[in-house]
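Below is one structure, written out as structure tokens; comments come after it.
In the working numbering, the protein residues as written are 627 to 1662.
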């Protein structure tokens, strides 16, 4: 048969070759393919025009020679010869051995086989044939002229006989460009801030690498052209070497080295160890680290490098040539590699100049006034320091060139050592010492312990303190140093050779260190001379007349002293050389011992005693006494004014004649004449006009007593010219006005204290002659209590407890007058008194008056009223679905029914009953009864009633196939707390719940009829009418 005219190779792989040819026009039944050393391959002819056959398995990258024979009826053609190669193998592994910013070096192992070449294809389709060395087992190829920081996708093909392999993809990147320049924008002690311009390119990140290899990824802002990064947690004053890498797809750039330093630590604390007027010594602890130096900068910018000793842990530096009392602001910098620290500010001052001289301008017992010239300079203050270290800041006037300061609260007579410092900004100067003393205390009090007519003895307590002496100075300036005993706490000194009844003004000074005290003035007097002799010139029943010669001297007065100590100042006439004084209101026939004192400036003389007696006087007799007339045979006759004569017996042994005229009328004026008789010849006579003592009042009645007064009443005493005096127990006398038209005297003693017993004496008086007197006691009525109360808790239905406070004084018991109970004595005297009145009627008003009692006398009484409560709970309340009604057995003035749920209140009261209407069914109402009268509001009772709940209307429905049925009922207006369901043949069932609307009845049978009754319940109340109906169960 004919040969094929052409064979096409349609596919070449590493292990196969696919051949295609056109079938000859006729006479072909099959084919034989012969190649290499393999056996012939028999190929059946297809029915189509073309035949295809794949030869496998073959060796990759191999040139094969084929002969294709056509076969017809066992006869083959001459054959068609042709060649075809298999595709070479791909490279097995490509390594990127070097990446630069513009090149990538690739390396792989050669593929086995002769005639193999290599082609690198870019992702844009550009091919590059790769030169290969015959002597190396590997192929190394550098792709150059690339862009930095760019991702590249290469394909490497092996090629055999122009036939490429499938190819090996290499995805790799070039190294990104390093940053161009890094600036250190900020250096602190613990951080460094770096800044550089971003490298162009997408996906570039940055890494900072420490010299120890530690890496920090640097966050980058998308909105900025620069990258700023602060490296923190560094050591101060340290040199750092950083590398900054740009990174693209985890590939770092070559890096940029940054060699920089952190700012050194500032000194931690600077102590000003010495401050003088011209220098300041500073000291601080050295900052750790090598190569640290120190610079002191003045506030004018001048810098001083500070020398430092290597052997000391501290730096000490003295800044000199400064101005005194001046504020300086230094900055001390540590310096490392010419980089200064932030600096430590030292604000300090030089010591101010001390004051030049201090004068003590005033010394008192408790203060010292110091004065000095001000020190020049602004802001200078002054401090005074005591020797105990206590400091006082001294106020300074801006308008004066001098400072004046008074140190107060000092001890008198004490030596003080002060230091005065000028102070600038709390820094004191070296100080100026002032040694001075306070004035000693004056003596505290000088007592004149003895005053005679020629001397004055002075005594005072010694002033505390060592070295104190005393000087007495007369008002003429003469000084006497006073000797002092060391063993006595007091000083006693007698000034002698003085004039009687003379005023003297002494000054007593204490002296300490030659500095006298202010002195204590003693103004005193010598005792005046006593009167020389006193004569009794007249004696009556109620008076004695005394006479004496005046004592020489100005300002002399006279005092008569009774033997009971009572003193009477005696008026003196300037025109007479003698003093005459009548002592009146005396008791008749009584011995009196008077002392007459001369007084000068309230100082009495030693006194002159006068012992004498008054004439005797009674209500029915008068005793007369006179000195006998000289002469023998003298007798005496007393003649009444009616002419009756009585011869008076005379004792021969007495110098005086005493005679009592008896059987006289009380309170009567008598005029006697006493005649001396010699040989029956009477003298001219001596008239004696006198009166008898009046009778005392017979009986005094107390007719009225209240809290502040007592009214007394008595019958008048017979006699003309009789007046009355009331004398209190303290001796005070009141003259009592008397009506001429009444035989009775009535007198009210007012302005008395309540609840007090008073003792009075009532005297009748005629011509200054008083009766013996009638004594009586009377008490004032006690005070009422302020209020009597019966609180809500003290009232019950059958009792009332009253409470009151006891008045301040004058109460011995109480009497309570209570309606229906009469008068109830109450002896309780506690501060707060309570008393319960029992067995009272319910709801009744009771009036009462409480009297305080003192010594049987009642007060005017404190009145009030109260009402007993009502027990509402026991009343028969008539309640329906809308009303509450009851008859109330007791007092009340108003009634309310309140429902808190619906905030409604109903008021009703009248005719002793209550009726509340329009109430809400089933609701609870609080009924309150009140009694109000005279602004008093009393709660009578509080009671809760439940209104009858509403009637229900029910219905039923099938349930559970006839073994249960459901009940429901309409919702009428009102409340209920449960519903009672009665089903015939079953126990009653309580369906609880406020306003529950349904229930389920179980345990019944289908197709049955049950009688059901519904009753609503609210609290204790049930609906008035039960609702009954029939329920049919489901017949199914």
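Heads up, the beta-carbon is just placed ideally off N, CA and C, and yes, glycines get one too.
Just the C-alpha distance for residue i and residue j, rounded to the nearest angstrom, thanks.
i, j, result
"residue 1093", "residue 1100", "23 Å"
"residue 708", "residue 876", "53 Å"
"residue 762", "residue 802", "31 Å"
"residue 1070", "residue 1037", "15 Å"
"residue 1095", "residue 1198", "47 Å"
"residue 950", "residue 903", "4 Å"
"residue 930", "residue 922", "5 Å"
"residue 1555", "residue 1406", "45 Å"
"residue 693", "residue 639", "20 Å"
"residue 989", "residue 1063", "8 Å"
"residue 1072", "residue 1040", "23 Å"
"residue 711", "residue 849", "59 Å"
"residue 1574", "residue 1450", "49 Å"
"residue 1478", "residue 1190", "42 Å"
"residue 1217", "residue 1395", "18 Å"
"residue 1080", "residue 1208", "32 Å"
"residue 662", "residue 777", "47 Å"
"residue 1622", "residue 1564", "41 Å"
"residue 793", "residue 829", "29 Å"
"residue 1236", "residue 1220", "5 Å"
Taking residue i and residue j to be in contact with their CB atoms under 8 Å, please state how far apart those CB atoms are, rounded to whole angstroms.
i, j, result
"residue 1660", "residue 1632", "6 Å"
"residue 800", "residue 775", "6 Å"
"residue 722", "residue 798", "5 Å"
"residue 1300", "residue 1264", "6 Å"
"residue 1009", "residue 1018", "7 Å"
"residue 958", "residue 898", "Actually they are not in contact, since the Cβ atoms of residue 958 and residue 898 sit about 12 Å apart, beyond 8 Å."
"residue 1137", "residue 1097", "6 Å"
"residue 1155", "residue 1127", "7 Å"
"residue 1493", "residue 1523", "Contact flag wrong, Cβ pair sits at about 21 Å."
"residue 822", "residue 853", "6 Å"
Quick check on residue i: does DSSP put it in helix, strand or coil?
i, result
"residue 1658", "strand"
"residue 1420", "helix"
"residue 1009", "strand"
"residue 1521", "strand"
"residue 1500", "helix"
"residue 1588", "helix"
"residue 898", "strand"
"residue 1295", "strand"
"residue 1471", "strand"
"residue 1400", "strand"
Mind checking residue i: buried by the 16 CB within 10 Å criterion, or exposed?
i, result
"residue 748", "exposed"
"residue 1495", "buried"
"residue 1161", "exposed"
"residue 634", "exposed"
"residue 981", "buried"
"residue 713", "buried"
"residue 715", "buried"
"residue 1580", "buried"
Go to residue i, then tell me how far its beta strand (DSSP E) extends in each direction, as first and last residue.
i, result
"residue 738", "Note, residue 738: premise wrong, no beta strand (DSSP E); not H, not E."
"residue 1309", "Taken as a continuous stretch (DSSP letters only), residue 1309 belongs to no beta strand (DSSP E), as it is neither H nor E."
"residue 1451", "1448–1452"
"residue 1563", "1562–1572"
"residue 1602", "Neither: residue 1602 is in no beta strand (DSSP E) and is coded neither H nor E."
"residue 918", "Element bounds for residue 918: n/a, residue is neither H nor E."
"residue 1268", "From DSSP, residue 1268 is part of no beta strand (DSSP E); its letter is neither H nor E."
"residue 634", "633–638"
"residue 1556", "1550–1559"
"residue 724", "720–725"
"residue 689", "689–698"
"residue 677", "676–681"
"residue 1212", "Premise fails: residue 1212 is in no beta strand (DSSP E) and is neither H nor E."
"residue 812", "808–813"
Quick check: does the Cβ of residue i come within less than 7 Å of any heavy atom belonging to the ligand COA?
i, result
"residue 1571", "This structure does not include the ligand COA; it has no bound ligands of any sort."
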